[in-house]
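In the working numbering, the protein residues as written are 5 to 1080.
Here a beta-carbon is modelled for each residue, glycine too, at the ideal position from N, C-alpha and C.
Written out below as structure tokens is the structure these notes cover.
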């Protein structure tokens, strides 16, 4: 294990991007902007501003990279996001969708300006290097980036600080980030400095590093000098990893500065509290549990029902249905989350939108219709549609569609035909449209030219009135049933509250006055009560408040209309809605939810894929890098700032008629060219050192890797030295990742330990039997392995592969041993003794095989999970060795013999959550393998050992863990193995300490039983198996400000047989990584 390697690889179907996309490159002096068809305007707009941003930022941060920064614009998701990375070269990837109005990112004048400023800050910050580290960069390349080994709140906080400082908006000025900080402060939930990384399971999680990091860094900059963080970058960039230069750059330790800032921010928000309380805080009833994160409350047209969605860190997300007063809430739809709902006229169904994977490479929004207590119907397929709203007839929906950073208003009819009514090209953004009761007008929140206001449109998409016109963010318009009042939420006071417009007088009134934040109003048909979303320290919740217009505060008249000047005088509804009688239950009830729901954040057990991500695979150095790589069972990333996260991988769909992004003619002002992978693929740009734990020592490695910007080609090369065998290993691999499937090949050399070497001496005088003696030399199996593989992801759940593998196996006997500070190291191969006892040697020769496999993975995990939950993994692999493809072995006379063998291996895992205890899991594993034909000495499978699955150590391919026995205790060409564990959480720590590079997440325990047997003859299957049992404690931590570790310690013993007896010290063990 070496933190250096994981620092340099920190913050990562087939292909990384849709193969149908055609790419071009626009070149400016400091940037190469890669864009695909349909993004021509965006590429030119970014190029126009990029150089100005570069001059401004590089001047302030006093750093200029030595090569142009690569920029990728891609329109494959409906979430606003982006990232920057420095390996193998400085790269910015921007997902071009703009943020929605209720996002922490919603305050911007120009989204391209805001996100590019943020991501370019990362490049200039992390790339800064000086002094001795700069000399190391000359030797090791881009991998030397000391500023990348820093707390996440410094990296993200500085970028958020710059996005605020160098634009006229940014999160440092926005109301929603201010709300999150204000409520955490006033509700006594202010994070300690050690938690500012955002690794905690509770809300607001990762937002801490952006929002609190920015505010803290702004405080330091205001009080200790505007250039203090520029000096920090250069001090630390030339310093020692983990030794943060607070005293040198600022003059005080960070923890003291943090307390100063904490006092300052407390005083700031106490003043806000005092001002709000002087006016009078609104009274409302909370309907949802304060431990849940709930949004989207909507009252049905008949006034009898309430729909909303919740997400909590233990059980994930679900849609709930309750009485209109919040009572008798129950789960209506599992594995779903939405921030916005619309009821059909008959109150028997509602529509909502959610994201899903489309055609493997895209993460798009689609619209769903849920008929109460019956089924959910998908109304669009890959149409990038969200925020559906029924028209008064209930026969069609209005939706917002998204493409190339432009939103459109479209109608969706019963036959699922989508008709577009607008044709925006100026990056107009829509959200939360609502029909007027008579169906003649649509109120919608629209971002236009830097402002987000309430607009009035016709159903045909024609703008007729800009109702609000100011710098406030105005959201969630909703009409009263009689059409006399238009409610909306706004931050015009600095805090989000509910407002109302009297459409007869065009006067604006403030309806709520809250200290937290109030959003998304929903008014019952009688206009007596209002449901709204409020904010609390654990996220959002649903609240109920009586409507009393006498308590409203007048805020003046609407601005005089300009250009769009239609009167707002209401039209009465043609068919008044029948109102259901109010519920007789007035007391809010909480129903305990013990059922397990899949979260939208899906994980699978951390397994390596031979030929792809394993130690000698082409993806090995890159899978911890940011972004999507197109590997089997890999899920595209999404923006996880909201409570619902993203979609389940089970929701992937294929759409044949999805519109391709065709290239468009455009008058570019910079030179453009077709994409060519070679300039960014070669030469290699770094050398990565690493240390891994082996069976009896350590493995030192040095490797390099490369990929082009679009990740179509990947390669890696490495050299290694193993202290226990003295072997100098090497390897090379390559993958072609442009299309489906992934093609890869490689060749590498390594050693595998076996037992002692035995020698055979002539018979002693008077005996006929030669003596066999054990030597002090260990036999090492030197293996040179080559492979060629095709990997195909059929769906996000299922994948197959086919491959040829050839392994040359020969003896290796470590020659010279040296003692280095008490640590033995070896060099060279002295060969087998002449009188080696050949029958005791492992298989020697060349094993050539063709084979393939199938894998199925489906599963979930939540913020407080200590194990995969409700997860299934099935794997089947078959291999055929034959002399027809070159397979042979040496016999005891060192003569060549043909080798033929069929191997079939299968594994099935289940991780079942207990329905009565959250995050308690029963984990089951069954595996079996059978070999027919020629026999491998010491078997194709070897059972025994307490090791698990981790990228921190390497093990022979044939080893299988069975706790309670020493490693490789039993071998054979067939085996079976079963494991059962009961896993339970013990303690959620969720705490870091100051700026130490360690964060304590949680402790869990497990009790287990392992049983298995390995044999050569199928008739031996009934022999007494190996049986082991014991218990483990697992600590989950995060080190190096971003690298997760699981430390599993336990005791195992064998109640029967020749394993480790109960009470023996050999039963204790400790490993990195999980058991399975």
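Beta-bridge analysis with DSSP links residue 289 to 548. CA-CA distance, residue 356 to residue 948, rounds to 52 Å. In the assembly as shown, residue 474 is an exposed residue. Its beta-carbon has fewer than 16 other beta-carbons within 10 Å.
Per DSSP, the unbroken alpha helix (DSSP H) holding residue 251 starts and ends at 250 to 253.
Nearest in C-alpha terms to residue 387, of all of 378, 372 and 397, is 372. For the 9 Å CB-CB criterion, residue 430 and residue 449 do not form a contact. The residues 200, in chain order, have a CB closer than 6 Å to that of residue 216 in the same chain once the five nearest residues on each side in sequence are set aside.
If you draw a 10 Å sphere on the C-beta of residue 139, you find fewer than 16 other C-beta atoms in it, and that means exposed. A check of alpha carbon separations from residue 468 across 444, 753, 841 and 259 identifies 444 as the nearest.
Residue 955 has its alpha-carbon roughly 30 Å from the corresponding atom of residue 207. Of the other Cβ atoms in all chains shown, 16 or more fall within 10 Å of the Cβ of residue 348; this residue is therefore buried. Residues 102 of the same chain have their beta carbon placed closer than 6 Å to that of residue 115, with the five preceding and five following residues left out of the count. Considered as a whole, the segment 20 to 90 harbours 27 to 31, 35 to 40, 73 to 78 and 85 to 89 as its complete beta strand (DSSP E) runs of no fewer than 3 residues, in chain order. Per DSSP, residue 831 lies in no alpha helix (DSSP H) segment; the continuous beta strand (DSSP E) that holds it begins and ends at 827 to 833. Ranked by Cα distance from residue 414, the options 298, 423, 132 and 168 are led by 423. Per the C-alpha coordinates, the member of 57, 180, 812 and 791 positioned closest to residue 125 is 57. Judged by pairs of C-beta atoms under 8 Å, the segment 479 to 491 touches the segment 509 to 529, as three or more such pairs exist. In its chain, beyond the 5 residues on either side, 1032, 1056, 1057, 1058, 1063 and 1064 have a beta carbon closer than 6 Å to the beta carbon of residue 968. As summarised for the segment 681 to 716, the continuous beta strand (DSSP E) elements at least 3 residues long and confined to that stretch are 692 to 697 and 702 to 711, given in chain order. When beta bridges are read from the DSSP output, residue 1032 appears opposite 1014. Looking at the DSSP output, residue 778 bridges to 762. By the neighbour-count criterion, in which 16 or more other beta carbons inside 10 Å mark a residue as buried, residue 454 falls on the exposed side. Rounded to the nearest angstrom, the gap between the Cα atoms of residue 109 and residue 1040 is 31 Å. With the rule of 3 Cβ pairs closer than 8 Å, the segment 974 to 991 counts as touching the segment 1007 to 1023. Going by beta carbons, residue 246 and residue 1001 fall inside the 9 Å limit. With a threshold of 16 other beta carbon atoms within 10 Å, residue 284 falls short and is exposed. Residue 731 holds the alpha-carbon nearest to the alpha-carbon of residue 752 among 745, 759 and 731. CA-CA distance, residue 734 to residue 719, rounds to 14 Å. Counting only the Cα atoms, residue 320 lies some 20 Å from residue 370. Residue 881 has its alpha-carbon roughly 5 Å from the corresponding atom of residue 909. In the displayed model, residue 534 falls within a strand according to three-state DSSP. By the Cβ-count criterion, residue 237 is buried, with 16 or more other Cβ atoms from all chains shown falling within 10 Å of its own Cβ. Put simply, of 685, 711, 708 and 784 the residue whose alpha carbon is nearest the alpha carbon of residue 726 is 784.
Contact check for residue 680 and residue 715: beta-carbon distance about 15 Å, past the 8 Å limit, so the pair fails to qualify. Under DSSP, residue 282 shares a beta bridge with no residue. Here the segment 821 to 840 does not lie against the segment 792 to 804, with fewer than 3 beta-carbon pairs under 8 Å apart.
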